[in-house]
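The opening position of the sequence shown corresponds to residue 1 in UniProt numbering, with each subsequent residue numbered one higher.
Cβ coordinates follow ideal geometry from the N, Cα and C atoms, glycine included.
Quick notes on the structure that follows.
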Amino acid sequence: GHGIYVFWLTAFIFLGVSLLLAEEKFRVNSPKVALPGMARAFVPVIPYILITVVVLAFYKYALDTGMNEFTAPVILPLVLIAMILYDKMVMPKEAPALNIHEAIVREHEKKSPFLQTHDPHSSQFRLGFGGALRFATSETVGHIGALIILMALSASVGGLIERSEVVELLPTHLGSIYISLACIALLLAIIGMCTDPFGAVILVAATIAPVAYENGIHPIHFWMIVLVAFEFGYVTPPVALNHLLTRLSVGDDEVNAADAEAKEKYTSFYYRYERWLLPIIVLFSSLVLVTYAPLILKLFGWYK
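Dropping the structure here:
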């Protein structure tokens, strides 16, 4: 339940920072303009929502299997396969005509190696159901293979750190719970910068968690800090796992082209490197709040 609070906290901080630092300031259209536009955009999504509901209902009532963290790896692929089948059944053989906005977007797509093979106007659009399924599976296997290699290397690094007993050099008692929270949040962020979640959780549970408990940090509070600190680490150099996986998904050429376009268009340092700076600002602010707000405000009855 507490993870939901962290989710909404980071979501609202992201919204606030995005609006505050946006190149074009936030404005609200009148309902007469906004509502019809929202309705037009929502209509094409309705079939996919219905497909998801039907598949989940089939598992729930026909197979007595609800959707949870254990069954999701089995159910979600079938949802995606059903969506691909729907696309191939109802989509036209040729790409639809472009409106004005799409025509502008196409100028960028023509220069994008990633979108040349992934957008609806590419040759992949004209594949049948079997071809589309093979293409999607091939893409997924490549990404999963790279992720598994990264997980294995991260677990190896975590095991190396654990066996070297470097963490044992940390003092058991840091004197003040405020200092303890700061040191542990910093250490967790550094671990998140260098490893993936699976190897990091093993390392943290075996070495850092006991130290945190000894210093009076509530277990739930500690793992909420772990969650946000890791997310902060995943968008921060030297590894920046999230950016690494994005580069893997869309390709080096696409990322390099986006960076070059930003450097050519903007002179401001922030806008040139917004894809790096925005998540760092959001998650650093979230980490500070998650680390100290429960203690200072006496939230959830963790501290008295």
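Span of the alpha helix (DSSP H), counted from its first residue to its last, around E231: In the sequence shown, the residue the question calls residue 231 occupies position 231. Taken as a continuous stretch (DSSP letters only), the alpha helix (DSSP H) holding E231 covers 219-234.
Nearest-angstrom Cα separation, counted from V45 out to K88: In the sequence shown, counting from the first residue as 1, residue 88 sits at position 88. In the sequence shown, counting from the first residue as 1, residue 45 sits at position 45. When rounded, the distance between both Cα atoms is 15 Å.
Rounded separation between E214 and W223 - CA only: By one-based count along the sequence shown, residue 214 stands at place 214. By one-based count along the sequence shown, residue 223 stands at place 223. Cα-Cα distance, rounded: 15 Å.
Between the CA atoms of I161 and A155 - distance to the nearest angstrom: In the sequence shown, residue 155 corresponds to position 155, counting from 1. In the sequence shown, residue 161 corresponds to position 161, counting from 1. Spanning the two alpha carbons is a distance of roughly 10 Å.
Cβ pair count under 8 Å reaching 3, the stretch 261-274 against the stretch 207-221: No: fewer than three Cβ pairs fall under 8 Å.
Same chain only: Cβ atoms within 8 Å of G3, ignoring 5 sequence neighbours per side: What you label residue 3 is simply residue 3 of the sequence shown in a count that begins at 1. Cβ neighbours of G3 beyond the five flanking positions: M224, L227.
Pick from S286, L85, I148 that is closest to G130, judged by C-alpha positions: For this step, residue 130 is matched to residue 130 along the sequence shown. Closest option to G130, judged by alpha-carbon separation, among S286, L85, I148: L85.
From F70, G145, P238, residue whose alpha carbon lies closest to that of L248: Locating residue 248 in the sequence shown gives position 248, where the first residue counts as 1. Answer by Cα proximity: G145.
Distance CB(G158)-CB(I202) smaller than 8 Å: The residue labelled residue 158 in the question sits at position 158 within the sequence shown. The residue labelled residue 202 in the question sits at position 202 within the sequence shown. Closer than 8 Å, so yes.
N-terminal and C-terminal residue of the alpha helix (DSSP H) that G158 is part of: As a position in the sequence shown, residue 158 is number 158, starting the count at 1. Where G158 is concerned, the enclosing alpha helix (DSSP H) stretches over 129-164.
Nearest-angstrom Cα separation, counted from M38 out to N68: The residue labelled residue 68 in the question sits at position 68 within the sequence shown. The residue labelled residue 38 in the question sits at position 38 within the sequence shown. If I take the Cα positions, the gap works out to 31 Å.
Status (buried if at least 16 other CB within 10 Å, exposed otherwise) for P77: Counting from 1 along the sequence shown, the entry for residue 77 is found at position 77. By the neighbour-count criterion, in which 16 or more other beta carbons inside 10 Å mark a residue as buried, P77 falls on the exposed side.
Proximity to L241 [Cα-Cα], best of G175, G66, L147: As a working mapping, residue 241 is identified with position 241 in the sequence shown. Looking at the Cα atoms, L147 is the closest of the given residues.
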